[in-house]
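Written out below as C-alpha cells is the structure these notes cover.
Number of protein chains: 2
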Amino acid sequence: MIGTPRMRLSEKTKAHRADELADKLSTAGLRVTQARLALAHLLFGQGDRHVTADALREEALAAGLKISQATVYNTLNQFHAAGLLRQVQVDQARSYFDTNIDAHHHFYVEEEARLIDIAAQEVDVARLPDSPKGYDVDRVEVIIRLDKSPKA
Amino acid sequence: MIGTPRMRLSEKTKAHRADELADKLSTAGLRVTQARLALAHLLFGQGDRHVTADALREEALAAGLKISQATVYNTLNQFHAAGLLRQVQVDQARSYFDTNIDAHHHFYVEEEARLIDIAAQEVDVARLPDSPKGYDVDRVEVIIRLDKSPKA
DNA sequence: AATTCACTTTAGAATCATTCTAACCCAATT
DNA sequence: AATTGGGTTAGAATGATTCTAAAGTGAATT
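These protein sequence lines are chains A and B, in that order.
Each residue of the first sequence is one higher than the one before, starting from 136 at the first, in this note's numbering.
Each residue of the second sequence is one higher than the one before, starting from 136 at the first, in this note's numbering.
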C-alpha cells in the first residue's frame, strides 16, 4: 500500500512519482491506465508547460511510447474535462493545453507560436463591466500579444 | 449590376453608400472590385459586427450574391491584412472577424458561440508585467468568458 | 487464475475550417 | 480594343481534430 495520499487539487505539484500521478488521475475521476500515466508523466513531470496535441505526440514517440494520435487527443480532452489542464485559445491553427490551471494570464508570441505564463498577481484588472443579464463570468483572460522588437 | 458613380469623397464614418465603401477599399490599398464592394457592404453597412467566414458566405448567398467560399476567405484575410477587420480568437473551431478595429475587449458566450464587444474604457487594466526582453506589446486583449446563469 | 464487463486504445476514415492550385475573369492602363 | 496583372473560382489539398468499430485492458468477480 501507499502512504497518505496528498489531496492537493489545483496546485502545480511537481508530481513525478508514479503513485502521485496515479493518485492525481484517480482523484480526478479517471481510471489509471498506462497511456494516461505515461502522458501525465510527460505533462506534469516537469514544471508548467504549454503543449499542442501534436507536440505531445512527438514527445511521446521520442520517449519510446507507443501511443496513437487518437489517444493523445482523447487524453488531452479528458484531462481538460477533468480540470487537470486548461485549454488556451490564441492561435486559429491549433489548441494549446496548459498544465497551469491556476488563474493566470499569457503573453503570446505569434511569430514563434509561443505562450508564456503571467502570474495572476502581475496583472491588475481594476474594473470590469457588468455581465449581460442572464450570464455569469466564468473566467477573465488577459492575453498580451507580443512582437519581436525591431533591431536597434 | 452595379452602376459606378465616380464620386470620391474622403469619409471614414459608418460607410454605407457605395462610393464611401469604394473609398474605404482604395484608401486601404485594395482594388475596388464587385466582390469586395458587396462583402464590404454586408460587413460595414450595419453597425459593428462579428462574423465567421461561413456566416458571411451564407449571408452573401441569402442576399443573392454569387460569391465563392474562396473569395469570402480571401476577402476577409485581405481586409484583415489591410486593417479593416480585426481577427478574434476565442474558439478553436473557427475564426471571428470583428468590424470594430478600435481598441476594445470582448465577452464570449461559448454555449452560444457569441461575441459581445466591450468598449475599451469599460475595462481598466491597471497594471501589466514588463514584456520579456526583445519583445514589444502588440495588443492587450481581455476576454471575459460567460456562462448562462443557472435558473433561479 | 479465469471470466466478465465496462471503459480504453487504436488505425484509419470522416469532418470541418481554411488554404492552395491553376484556369478563367475583369479593372485599370495603354 | 488590347494588354496586363491582380481577382475570382471550383475543386483539390491540407491539417487539426473527431469519429468509428474493433481489439485491448483494468478492476471486480468467480
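Just so you know, even glycine gets a beta-carbon here, dropped at the ideal spot from N, CA and C.
Neighbour list for residue i in chain B, Cβ cutoff strictly below 7 Å
i       : result
A261(A) : D259 and A261
C-beta contact flag for residue i and residue j at 8 Å
i       : j       : result
V225(A) : Y243(A) : yes
V207(B) : L174(B) : yes
D237(A) : A216(A) : no
L178(A) : V186(A) : yes
D233(A) : R221(A) : yes
E257(B) : P264(A) : yes
R152(B) : L160(B) : no
N235(B) : D183(B) : yes
L196(A) : H176(A) : no
Cutoff 8 Å: residue i Cβ touching any chain B Cβ
i       : result
F214(A) : no
G138(A) : Annotation note: pLDDT 33 at G138(A) (below 50); position unreliable, coordinate value reported separately. No, G138(A) does not count as interfacial toward chain B.
V207(A) : no
I202(A) : no
I236(A) : no
K149(A) : Low confidence applies here, because K149(A) scores a pLDDT of 49, under 50, leaving its location unreliable; read the following figure in that light. It does not: the Cβ of K149(A) has no partner Cβ on chain B nearer than 8 Å.
V277(A) : yes
Short CB-CB distance (under 8 Å) between residue i and chain A
i       : result
G269(B) : yes
K283(B) : yes
I251(B) : yes
D226(B) : yes
R274(B) : yes
F242(B) : yes
R280(B) : yes
S266(B) : yes
Supposed contact pair residue j and residue i - C-beta distance, whole angstroms, cut 8 Å
i       : j       : result
V272(A) : I251(B) : That pair is no contact at about 13 Å.
V277(B) : V275(A) : 7 Å
S284(B) : G269(A) : 5 Å
A163(A) : L219(A) : 6 Å
Q204(B) : R192(B) : 6 Å
S266(A) : Q227(B) : With a Cβ gap of about 23 Å, S266(A) and Q227(B) do not count as contacting.
Closer than 7 Å at the beta carbon, the chain A residues around residue i
i       : result
S230(B) : Q227
Cβ-heavy atom distance, residue i to the ligand ATP, below 7 Å
i       : result
L211(B) : The ligand ATP is absent from the structure shown, which contains no ligands of any kind.
Exercise. Could you name each continuous beta strand (DSSP E) segment of 3 residues or more that falls completely within the region 155 to 232 of chain A, going from the start of the chain to the end?
Key: 221 to 223
Exercise. Enumerate, from N- to C-terminal direction, the unbroken alpha helix (DSSP H) stretches of 4 or more residues contained entirely within the region 233 to 276 of chain B.
Key: none
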